[in-house]
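Undergrad: Reminder that position 119 of the sequence shown reads as 174 in the working numbering, one-by-one numbering, no gaps.
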Amino acid sequence: MSQSRTAVLTGSLAVLAALALSACGAAPDNESTTADGKNAATATSAADFGGMDALVKAAKKEGTLHAIALPRDWANYGALIDGFTKKYGIKITDENPDGSSQDEINAVTSRKGQDRAPDVLDLGSSFALSAAQQGLLAPYKVASFDEIPEGQKDPKGQWFNDYGGYISIGCDAKRVKACPTTFADLLKPQYKGQVALNGNPTKSGSAFGGVYAAALAGKGSFDDIQPGLDFFAELKKNGNYTPVESTPATVEKGETPISIDWDYLNAGYADEFKSKGVDWKVSIPSDGQFAQYYSQAINKDAPHPAAARLWQEYLYSTEGQNLWLKGYARPALMTSMESAGTLDKTAAAKLPQVSGTPSFPTEAQQSKAKTVIAQGWAKAVSG
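#1: Find the nearest neighbour of Gly-225 within the set Ile-145, Tyr-218, Pro-235, judged by alpha-carbon distance.
#2: Which residue from Trp-214, Ser-422, Asn-255, Tyr-296 puts its Cα closest to that of Gly-154?
#3: According to DSSP, what are the bridge partners of Leu-178?
#4: Could you pull the DSSP bridge partners for Tyr-468 from this structure?
#5: Just to confirm before moving on: does the CB-CB distance between Gln-347 and Asp-177 stay below 8 angstroms?
#6: Should Met-107 be labelled buried (16 or more other beta-carbon atoms within 10 Å of its own) or exposed?
#7: If you measure between the beta carbons of Val-197 and Tyr-371, is that distance less than 8 angstroms?
#8: Report yes or no: do the segment 128-143 and the segment 357-376 share at least 3 C-beta pairs separated by less than 8 angstroms?
#9: Hey, out of Ala-322, Leu-120, Glu-289, Trp-335, whose CA is closest to Glu-307's CA?
#10: For Ala-122, does the three-state DSSP call read helix, strand or coil?
#11: Taking Thr-297 and Ala-251 to be in contact with their CB atoms under 8 angstroms, please state how far apart those CB atoms are, rounded to whole angstroms.
#12: Helix, strand or coil for Gln-160 per DSSP?
#13: Is Lys-355 near Leu-191, with beta carbons less than 8 angstroms apart?
#14: Quick one: what's got a C-beta closer than 7 angstroms to Ala-403's C-beta in the same chain, skipping five residues either side?
#15: Does the pairing of the segment 303-323 with the segment 273-288 give three or more beta-carbon distances under 8 angstroms?
#16: Which residue marks the beginning of the beta strand (DSSP E) containing Thr-305, and which one marks its end?
#17: Would the beta-carbon of Phe-277 fall within 8 angstroms of that of Pro-126?
#18: DSSP state of Leu-68, grouped into three classes?
#19: How many Å lie between Ala-270 and Lys-405 at the Cα?
#20: Assuming Ala-384 and Ala-130 form a contact by the criterion Cβ under 8 angstroms, report the distance between their Cβ atoms to the nearest whole angstrom.
#21: In whole angstroms, give me the CA-to-CA distance for Ser-301 and Asp-217.
#22: Identify whether Asn-131 lies in helix, strand or coil by the three-state DSSP scheme.
#23: Looking at the strands, I want to know which residues DSSP matches up with Pro-386.
#24: Skipping 5 residues on each side, what residues in its chain have a beta carbon closer than 6 angstroms to that of Ser-314?
#25: Less than 8 angstroms between the C-beta atoms of Asp-158 and Ala-122, yes or no?
#26: Just curious, the beta strand (DSSP E) that Glu-150 is in, first and last residue?
#27: Of all the options Val-231, Gly-411, Glu-150, Ala-193, which has the alpha carbon lying nearest to the alpha carbon of Pro-173?
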């Protein structure tokens with residue numbers, strides 16, 4: 056499960072291999088080139104590098120992929136990490152698995168030129184936009200790039216949506232007599248000190264989504280997230296909001312019996328908690344339906360550029376997309392795979408049910424919302 060990572064979906068616990076934080080120094084000379092001099096660091100597609108065989112060969116030569124903030128139980132990342140390593144023999148080191156989207160960006164900027172810089176990023180969409188605006192991302196288009204819906208990818212391939220879901224309310228039915236199913240319910244006095252977010256919305260994609268959903272429930276809009284801040288200010292004032300950031304550990308201890316988080320994370324928790332005696336119920340609030348995707352990106356200065364690009368190809372393959380689906384996340388290629396008959400129908404049938412067609416805020420709307428939250432969150436929940 057997850058903590059404040061992104062959230063974009065919630066936390067986790069195990070790390071495949073932690074990066075040695077003391078390992079500083081400049082990145083080694085990049086040898087990820089083909090016989091005719093093509094460089095992986097500037098390749099904008101596998102074809103641009105000479106084809107998948109050439110990319111696989113170069114990635115295997117590098118032998119390592121540096122990831123960051125990928126909880127193994129977040130959207131089934133453990134299976135994706137293991138699947139990639141088994142398929143290509145490339146070791147993945149995953150630093151700070153419970154980190155936030157902002158932590159990822161900070162690692163890119165603070166470690167530029169270092170071998171321990173992250174190769175790839177999985178960011179809340181608003182953070183992906185910010186990273187692109189800062190010039191931190193490499194343009195790259197996976198083989199299935201054209202199948203990613205319009206509006207869910209940067210035209211240059213600096214970022215592209217990977218998996219998504221809806222903001223939901225998770226509830227420990229053994230500790231909470233009547234589980235809330237709407238944002239309006241969360242204001243009831245019976246939930247005193249029980250309502251948590253998975254992170255801080257100024258840093259975490261999932262918490263950011265939680266505030267956006269609350270705004271929609273409070274007559275706000277994609278253009279106006281202020282009602283979301285007002286909601287949490289009221290939740291704090293009446294004593295229902297707890298500043299403890301929700302994680303699997305806090306849920307098990309009973310510290311966060313109600314958690315606002317992505318549906319794929321809460322649904323995954325429900326499975327995981329059964330063996331621990333926790334009856335975790337999940338509902339998508341009808342008064343505040345907010346859907347969002349996380350986005351994949353490659354560090355422009357990735358120390359392992361071939362492995363970074365091969366990782367993206369794996370994630371957007373049928374195998375990779377279906378592994379996200381098995382983690383209750385809705386993969387970006389879900390519609391095209393359904394049409395092609397390659398979607399895992401059994402996994403799709405287990406997704407939390409929701410009505411209507413999701414819509415998403417624009418880049419400008421997200422940027423405005425981030426500014427409003429950055430300026431007002433601390434005040435809303437202070438005291």
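No residue lacks a Cβ here, since even glycine has one placed at the ideal position from N, Cα and C.
TA: Let's see:
#1: Translated into positions along the sequence shown, residue 225 becomes position 170. Of the candidates Ile-145, Tyr-218, Pro-235, the one whose C-alpha sits nearest the C-alpha of Gly-225 is Pro-235.
#2: As a working mapping, residue 154 is identified with position 99 in the sequence shown. When each option's Cα is compared against that of Gly-154, the closest is Asn-255.
#3: By 1-based counting over the sequence shown, the position of residue 178 is 123. Beta-bridge pairing links Leu-178 to Ser-350.
#4: Because residue 468 is not part of the residues shown, which for the chain are 56 to 438, the question remains open.
#5: Position 292 of the sequence shown, counting from 1, holds the residue named residue 347. Position 122 of the sequence shown, counting from 1, holds the residue named residue 177. No; because the gap between Cβ atoms is not below 8 angstroms, this pair is not in contact.
#6: Along the sequence shown, read from residue 1 onward, the residue named residue 107 stands at position 52. Looking at its Cβ environment, which holds fewer than 16 other Cβ atoms inside 10 Å, Met-107 is exposed.
#7: Reading the sequence shown from its first residue, position 142 is the one you call residue 197. Reading the sequence shown from its first residue, position 316 is the one you call residue 371. Against a cut-off of 8 angstroms, the Cβ pair of Tyr-371 and Val-197 comes out as a contact.
#8: yes
#9: The residue you call residue 307 lines up with position 252 of the sequence shown. When only C-alpha atoms are compared, the closest one is Trp-335.
#10: Taking the first residue of the sequence shown as position 1, residue 122 is located at position 67. The answer is strand: DSSP assigns Ala-122 an E or B state.
#11: Reading the sequence shown from its first residue, position 242 is the one you call residue 297. Reading the sequence shown from its first residue, position 196 is the one you call residue 251. Confirmed, about 5 angstroms.
#12: Counted from its first residue, the sequence shown places residue 160 at position 105. Here the sequence assigns Ile to residue 160, which means Gln is not the residue at that position. Residue state, collapsed to three classes: helix.
#13: For this step, residue 355 is matched to residue 300 along the sequence shown. For this step, residue 191 is matched to residue 136 along the sequence shown. Yes.
#14: Position 348 of the sequence shown holds residue 403. These residues qualify, in order along the chain: Leu-380.
#15: no
#16: As a first step, residue 305 is located in the sequence shown; it is residue number 250 there, counting from the start. From DSSP, Thr-305 is part of no beta strand (DSSP E) but of the alpha helix (DSSP H) over 303-307.
#17: Numbered from its first residue, the sequence shown carries residue 277 at position 222. Numbered from its first residue, the sequence shown carries residue 126 at position 71. Cβ atoms of Phe-277 and Pro-126: not closer than 8 angstroms.
#18: For the purposes of this step, residue 68 is taken as residue 13 along the sequence shown, with counting starting at 1. With a pLDDT of only 22 at Leu-68, under the threshold of 50, the placement of this residue in the model should not be trusted; the figure read from the coordinates follows. Coil, per DSSP.
#19: Here the question's residue 270 lines up with position 215 in the sequence shown. Here the question's residue 405 lines up with position 350 in the sequence shown. The straight-line gap from Cα to Cα measures roughly 28 angstroms.
#20: For the purposes of this step, residue 384 is taken as residue 329 along the sequence shown, with counting starting at 1. For the purposes of this step, residue 130 is taken as residue 75 along the sequence shown, with counting starting at 1. Right, the Cβ-Cβ distance comes to about 4 angstroms (below 8 angstroms), so this counts as a contact.
#21: Taking the sequence shown and counting its residues from 1, one reaches residue 301 at position 246. Taking the sequence shown and counting its residues from 1, one reaches residue 217 at position 162. Straight-line Cα distance between these residues: approximately 24 angstroms.
#22: Sequence index remark: in the sequence shown, residue 131 carries index 76 (1-based). It is coil, neither helix nor strand.
#23: Position 331 of the sequence shown, counting from 1, holds the residue named residue 386. DSSP output for Pro-386 lists Tyr-218 as bridge partner(s).
#24: Along the sequence shown, read from residue 1 onward, the residue named residue 314 stands at position 259. Closer than 6 angstroms at Cβ, skipping near neighbours: Gly-225, Ala-251, Ser-301.
#25: Within the sequence shown, residue 158 is the residue found at index 103, counting from 1. Within the sequence shown, residue 122 is the residue found at index 67, counting from 1. No.
#26: Reading the sequence shown from its first residue, position 95 is the one you call residue 150. Per DSSP, Glu-150 belongs to the beta strand (DSSP E) from 146-150.
#27: Here the question's residue 173 lines up with position 118 in the sequence shown. Minimum Cα distance to Pro-173 is reached at Glu-150.
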